[in-house]
């Protein structure tokens, strides 16, 4: 089964890589995956504590998105209060190799912060306007 290369894709069709990148590229998504990788299963509040600064709402949204993409499984135990545990799927565990390669690429090619800021400032249009 062959896929149409992105450059040859028909107008109006989407690329699977772009679709998954829209989920993984959202703030917190990769950090959630990274933290889920450290344990076999993890509970919501434990994950929230590990991700300093994330709100419960955003964590819930990201977990749901990752679950819909088949990257995270959610197990609800019939207890009072309810116990919910999250874990990575085999599909998400395969991402580890890709994430490591991406980190290697970033380490190799990312400009130092001071250089990146200088270039950005040079590229910004002048803020002066005609009076």
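Numbering (the UniProt record's numbering), first residue to last: 1 to 131. C-beta: ideal position from N, C-alpha, C; glycine also.
Quiz item: How about residue 135 and residue 69: do their beta carbons lie closer than 8 Å?
Solution: Only positions 1 to 131 of the chain appear in this structure, which leaves residue 135 out of reach.
Quiz prompt | Limits of the beta strand (DSSP E) - the one that residue 76 falls within | solution = Start at 1 with the first residue of the chain shown, and residue 76 comes out as number 76. That run of the beta strand (DSSP E) goes 72 to 77.
Practice problem: Spell out a yes or no on whether the segment 98 to 107 and the segment 52 to 62 are touching, meaning 3 or more CB-CB pairs, one atom from each, closer than 8 Å. | Solution: no
Exercise. Determine the contact status of residue 92 and residue 59, defining contact as a CB-CB distance below 8 Å.
Key: By 1-based counting over the chain shown, the position of residue 92 is 92. By 1-based counting over the chain shown, the position of residue 59 is 59. No, these two residues do not count as a Cβ contact at 8 Å.
Practice problem: Kindly indicate which three-state DSSP category residue 55 falls into: helix, strand or coil? | Solution: What you label residue 55 is simply residue 55 of the chain shown in a count that begins at 1. Coil.
Exercise. Kindly provide the ranges of any beta strand (DSSP E) runs that are 3 or more residues long and lie completely inside the UniProt domain "HTH hxlR-type" (15 to 114), ordered along the chain.
Key: 72 to 77, 83 to 88
Practice problem: Starting from the C-beta of residue 74, find all residues in its chain whose C-beta is less than 8 Å away, skip the five residues before and the five after it, and write them out in chain order. | Solution: Here the question's residue 74 lines up with position 74 in the chain shown. The answer, listed in chain order, is 63, 67, 84, 85, 86.
Exercise. Within its chain, find whatever has a CB closer than 7 Å to the CB of residue 65; leave out the 5 residues flanking it on each side and keep chain order.
Key: Here the question's residue 65 lines up with position 65 in the chain shown. The answer, listed in chain order, is 23.
Quiz item: Got a sec? Which residues, its chain only, sit under 7 Å from residue 111 by beta carbon, not counting five neighbours each side?
Solution: On the chain shown, position 111 is the one that residue 111 refers to. Here the set comprises nothing.
Quiz item: For residue 103, which of 16, 15, 18, 30 has the nearest alpha-carbon?
Solution: Along the chain shown, one-based indexing puts residue 103 at 103. Of 16, 15, 18, 30, the residue nearest in Cα terms is 30.
Quiz item: Hey, how far is the Cα of residue 42 from the Cα of residue 101?
Solution: Start at 1 with the first residue of the chain shown, and residue 42 comes out as number 42. Start at 1 with the first residue of the chain shown, and residue 101 comes out as number 101. So the alpha carbons of these two residues sit roughly 25 Å apart.
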